[in-house]
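S.K.:
Number of protein chains: 2
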Amino acid sequence: MTVSIKDIARAAAVSHSTVSRALGDSPLVSAETKARIQRLAQEMGYSPDAQARSLVMGRTLTIGLVVTTITDPFIAEIVQAVETTAHERGYSVILATFSSRREREIAAVEMLQSKRVDAVIVTSSRVGAHYLAHIERLSVPVVLINSHSAHTGPYTFAVNVDNRHGACVATTHLTDLGHVRIAYVTGAADHSDDQERLAGYRDALQHAGLPFDPALVVAGTGRAGGGERALPRLLAVQPPPTAVFCYNDLTAIGLMRAAQHTGIAVPRELAVVGFDDIPFASYIDPPLTTVAQPTREMGRQAVEMALVLLESGREPASDLSNVVLQGELVVRESSGARPHRVQPDGQSSVSNTQERR
Amino acid sequence: MTVSIKDIARAAAVSHSTVSRALGDSPLVSAETKARIQRLAQEMGYSPDAQARSLVMGRTLTIGLVVTTITDPFIAEIVQAVETTAHERGYSVILATFSSRREREIAAVEMLQSKRVDAVIVTSSRVGAHYLAHIERLSVPVVLINSHSAHTGPYTFAVNVDNRHGACVATTHLTDLGHVRIAYVTGAADHSDDQERLAGYRDALQHAGLPFDPALVVAGTGRAGGGERALPRLLAVQPPPTAVFCYNDLTAIGLMRAAQHTGIAVPRELAVVGFDDIPFASYIDPPLTTVAQPTREMGRQAVEMALVLLESGREPASDLSNVVLQGELVVRESSGARPHRVQPDGQSSVSNTQERR
DNA sequence: ATCTGCTTTGCACACGTGTGCAAAGCCTGG
DNA sequence: CCAGGCTTTGCACACGTGTGCAAAGCAGAT
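Chains as they are written, first to last, in numbering that gives the first Met the number 0: chain A, 0 to 356; chain B, 0 to 356.
1) Pick helix, strand or coil for B:ASP248, following the three-state DSSP scheme.
2) If you draw a straight line from the C-alpha of A:ARG331 to the C-alpha of A:VAL290, how long is it?
3) Across which residues does DSSP place B:ASN159 in a beta bridge pair?
4) Measure the alpha-carbon distance for A:VAL139 versus A:ASN162 and round it to whole angstroms.
5) Hey, quick one: how far does the beta strand (DSSP E) through A:HIS365 stretch, first residue to last?
6) Would a check of beta-carbon distances place B:PRO47 closer than 8 Å to chain A?
7) On the criterion of 16 or more Cβ atoms from any shown chain inside 10 Å, does B:VAL168 qualify as buried, or is it exposed?
8) What residues of chain A sit near B:ALA282, judged by a beta carbon separation below 9 Å?
9) Beta-carbon of A:VAL362 versus every beta-carbon of chain B: anything under 8 Å?
10) Where does B:TYR200 sit, in a helix, a strand or coil, going by DSSP?
11) Would you mind reading off the limits of the alpha helix (DSSP H) that contains B:PHE73?
12) Below 6 Å CB to CB, which residues in the same chain sit around A:ILE288 once its five sequence neighbours on both sides are set aside?
13) Counting only Cβ pairs nearer than 7 Å, list the residues of chain A close to B:ILE69.
14) Using three-state DSSP, classify A:GLN353 as helix, strand or coil.
15) Per DSSP, what kind of secondary structure is B:GLN346 in: helix, strand or coil?
16) Kindly list the residues whose CB is nearer than 6 Å to the CB of B:SER347, restricted to its own chain and excluding five residues on each side of it in sequence; keep chain order.
17) What in chain B is Cβ-close to A:GLU327, meaning under 7 Å?
18) Which chain B residues sit within Cβ distance under 7 Å of A:LEU309?
19) Is B:SER3 close to chain A? Criterion is C-beta to C-beta, closer than 8 Å.
20) Could you tell me the alpha carbon to alpha carbon distance between A:PRO47 and A:VAL2, rounded to whole angstroms?
21) Out of curiosity, what's the CA-to-CA distance linking B:TYR200 and B:THR170?
22) Distance, Cα to Cα, B:ARG52 vs A:VAL119?
23) Closer than 8 Å between beta carbons: that is the criterion. Which residues of the segment 103 to 128 of chain B meet it against chain A?
24) Given 8 Å as the limit, is there contact between the segment 101 to 121 of chain B and the segment 57 to 67 of chain B, that is, 3 or more CB pairs closer than that?
25) By the criterion of Cβ-Cβ separation under 7 Å, what are the contact partners of A:GLU82 in chain B?
26) Confirm, please, whether the CB-CB distance from B:PHE156 to B:ASN321 is below 8 Å.
27) Rounded to a whole number of angstroms, what is the C-alpha to C-alpha distance between B:HIS260 and A:PRO285?
28) DSSP on A:GLY44, reduced to helix/strand/coil?
29) Nearest chain B C-beta to A:LEU54 closer than 8 Å, yes or no?
30) So, are the CB atoms of B:ALA257 and B:VAL142 less than 8 Å apart?
31) How close, in whole Å, do the beta carbons of B:THR70 and A:GLN37 come, if the pair is a contact with beta carbons under 8 Å?
32) Could you have a look at A:VAL28 and say whether DSSP puts it in helix, strand or coil?
33) Hey, is the segment 86 to 98 of chain B in contact with the segment 89 to 101 of chain A, meaning 3+ C-beta pairs nearer than 8 Å?
34) Please compile the residues from chain B whose C-beta is within a distance smaller than 7 Å of the C-beta of A:GLN41.
35) From A:ALA132 to B:VAL323, what does the alpha carbon distance come to, in whole angstroms?
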């Protein structure tokens, strides 16, 4: 049904080799036959078979995108960016969801291996070491996005947001507004993101010359319910905080919902700042001040990095390093300042950090 | 680097044909050599090359998923369901975003053609006829999800939500609560979804014996801003409505935000019902009563349908019809009733409708 | 006219896998 | 002991594409 290179060869009365070269714009074919063949291919509706080509070339021009769930608005944005950038570079994206079940995981890796993907990009908040080991067995470049994994193999690199700096900027925004009692609601306990954001929070306090009060650090869950339950515990602290930095937007949203029910005015009585800038951060009331993760940039950089690793001929590029991107403070109304945006470090939102040994 | 079927043949001192048959569990191979080869393949870490296999078999076990943007929470859920179901059936999913630019569209189709996808599933709220024509040129089964297209070719089928019935159920929920002045805020003008939901709204009024008042139909945009701007115009109607059914959740959210600023209590002074059940419908205050689209089911059915078309040997299955799924009314607090869920038609949430000529 | 060098084309093989057909091996019945 | 049938294996080709190498065609120089 589909027209192959041989069909064109028959129609043009040449060998299939000549057709292959003509379509590849090789200088080994005379200009006139080249033009004739190309016109013929156009007319016959020829479309090269990527399977056959990659079989010969040893490259599939395909990257596997491993994801826990696309339902997460974050991950969705990153997926979008990865897909767009990959297509710009001539690569296709094949999707693989890593559900919770162990067997599905190995099935997914097996699939990626069968499809002979050239590289793998992983976007999962939590990547267990053994899962990563499975993926690395593909002996293919691996780029982790916001996936803090202790071990990074010779082909494995990471693109992360600078949690510490972002949290510091967010908290500094509150100290700049004159707050001196600022709380922090944590995320899930085992999350390394949380540790880093807590550190950034403490950095900001120190810069402002404020003392760190452990009573003002209240445990959340990373989900809305955690923020909801955190509010009464915050109000019980003496003296109570006048501002709160939340691990993420969902936590902040839950906390603000509780505040509304309790009759506490945001931001007049309690200023709130989140982290992530999920799409609904601007829809809630009052619109949430938060640190926007550069999702588009993260997806783009992940693809670029994967391609660099690919081009470098499977030899780990010695001068390649992990990438750490800066978030952007988006000031809306929940923090009590007039809405604006704060670009990190002037124009450049990218900084490279040498992390490899 | 990667171990092929020939490497195993060499190690087992047999021909590659025998290895191929052994791994395919063919009865033409003796039990003992079969076991020996399979063990050997396991040890050597053999993974079949999908490219080579599909080259011979004429099937890639891959379906192309065309999408406008994964950022839309709807589409994300459908993508998730499609991916999961496809993997259960042994198919991979390759992603293609249809951005607004025309050239990217044809590039995407070209890519799907090169990859020789076995079927295409389209999830786009608006599919132009010419785009669909491009896709149909692949001469591959096409399944449209919630994409109302006038023309459906011999290989093209659709899975849609029953907008009319869903809107009727939502509006009936309001009439059951005793409301007699019920407004409707429309979506984008050219959307056929909107026409169908408006029809369902009128059905419900008629069933309840209420008159249809054109003044109570106010134009929105399908986005939050439209709902926001619709509220004052609703309040100007005499006598004013006590309830409003919105084209979708975003419209309802915008309208509720405006209500909060205007000092109108929801649901006490104005009951609000939306459509879609986006994830944040339950996070806003008060939680939104809405019609949940069966996204998981839609994704699943789309894949099943594509596979049926595939199995039917490219001959359009004569007894196949488009699928129309029923939404589920999710009653939360914005409509003023006690929260519960209403399953459509008892247990079965699926109904087939003959639509082909 | 012959040789040399350049351009253009085709042959043949490769990639990794599946399968029809023939051949070889084995067993059983005569 | 041999024929026939059954089981098991290998040869060869196919899928669609890319490429090294040889060969053919051609022009120019001696």
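Cβ coordinates follow ideal geometry from the N, Cα and C atoms, glycine included. Computed from a predicted structure; not experimentally measured.
M.R.: The short version:
1) Helix.
2) If I take the Cα positions, the gap works out to 11 Å.
3) B:ASN159 pairs with B:VAL323.
4) In a straight line, the C-alpha of A:VAL139 is about 28 Å away from that of A:ASN162.
5) The question about residue 365 of chain A has no answer, for chain A in this structure spans 0 to 356.
6) For B:PRO47, the answer is yes, since a Cβ of chain A falls inside 8 Å of its Cβ.
7) B:VAL168 sits buried, since 16 or more C-beta atoms from the chains shown fall within 10 Å of its C-beta.
8) In the sequence as presented, Ala is not what sits at residue 282 of chain B; that position holds Tyr. Neighbours of B:TYR282 on chain A, chain order: ALA223, LEU249, ILE252, GLY253, ARG256, PHE279, ILE283.
9) With chain A running from 0 to 356 in the structure shown, residue 362 of chain A is simply not present.
10) Correct three-state label for B:TYR200: helix.
11) Its alpha helix (DSSP H) spans residues 72 to 87.
12) Before going further, note that residue 288 of chain A is Thr rather than Ile in the sequence given. Beyond the five residues adjoining it in sequence on each side, A:THR288 comes within less than 6 Å, by CB distance, of VAL272, VAL330, ARG331, SER333, SER334 in the same chain, given in chain order.
13) Under the 7 Å cutoff, chain A gives ILE69, ALA75, VAL78, GLN79.
14) Low local confidence applies: a pLDDT of 35 at A:GLN353 is under 50, so the model's placement there is unreliable, and no value is given.
15) Here the model assigns B:GLN346 a pLDDT of 37, short of 50, so the residue's position is not dependable and the matter cannot be decided.
16) With a pLDDT of only 33 at B:SER347, under the threshold of 50, the placement of this residue in the model should not be trusted, and no figure is reported.
17) Neighbours of A:GLU327 on chain B: none; closest Cβ ~18 Å, over 7 Å.
18) The premise fails here: A:LEU309 is roughly 14 Å from chain B at the closest Cβ pair, so nothing lies under 7 Å.
19) Taking Cβ atoms only, chain A never reaches closer than 8 Å to B:SER3, which makes this a no.
20) For A:PRO47 and A:VAL2, the distance between alpha carbons rounds to 9 Å.
21) The straight-line gap from Cα to Cα measures roughly 6 Å.
22) Rounded to whole angstroms, B:ARG52 to A:VAL119 spans 22 Å at the Cα level.
23) Along the segment 103 to 128 of chain B, the positions whose C-beta sits under 8 Å from a C-beta of chain A are ARG103, ALA106, ALA107, GLU109, MET110, GLN112, SER113, LYS114, ARG115, read in chain order.
24) Judged by pairs of C-beta atoms under 8 Å, the segment 101 to 121 of chain B touches the segment 57 to 67 of chain B, as three or more such pairs exist.
25) Think of a sphere of 7 Å around the beta carbon of A:GLU82: the chain B residues whose beta carbon falls inside it are LEU94, THR96, in chain order.
26) Taking 8 Å as the cut-off, the beta carbon of B:ASN321 is found closer than this to the beta carbon of B:PHE156.
27) Rounded to whole angstroms, B:HIS260 to A:PRO285 spans 11 Å at the Cα level.
28) Under the three-state reduction of DSSP, A:GLY44 is assigned to coil, being neither helix nor strand.
29) For A:LEU54, the answer is yes, since a Cβ of chain B falls inside 8 Å of its Cβ.
30) Pairing B:ALA257 with B:VAL142 gives a Cβ-Cβ distance that is not under 8 Å.
31) That belief does not hold up - the Cβ atoms of B:THR70 and A:GLN37 are roughly 39 Å apart, past 8 Å.
32) Coil.
33) Touching, per the Cβ criterion.
34) Going along chain B, no residue has its Cβ under 7 Å from A:GLN41, so there is no contact; the nearest lies around 13 Å.
35) CA-to-CA, the gap between A:ALA132 and B:VAL323 works out to about 44 Å.
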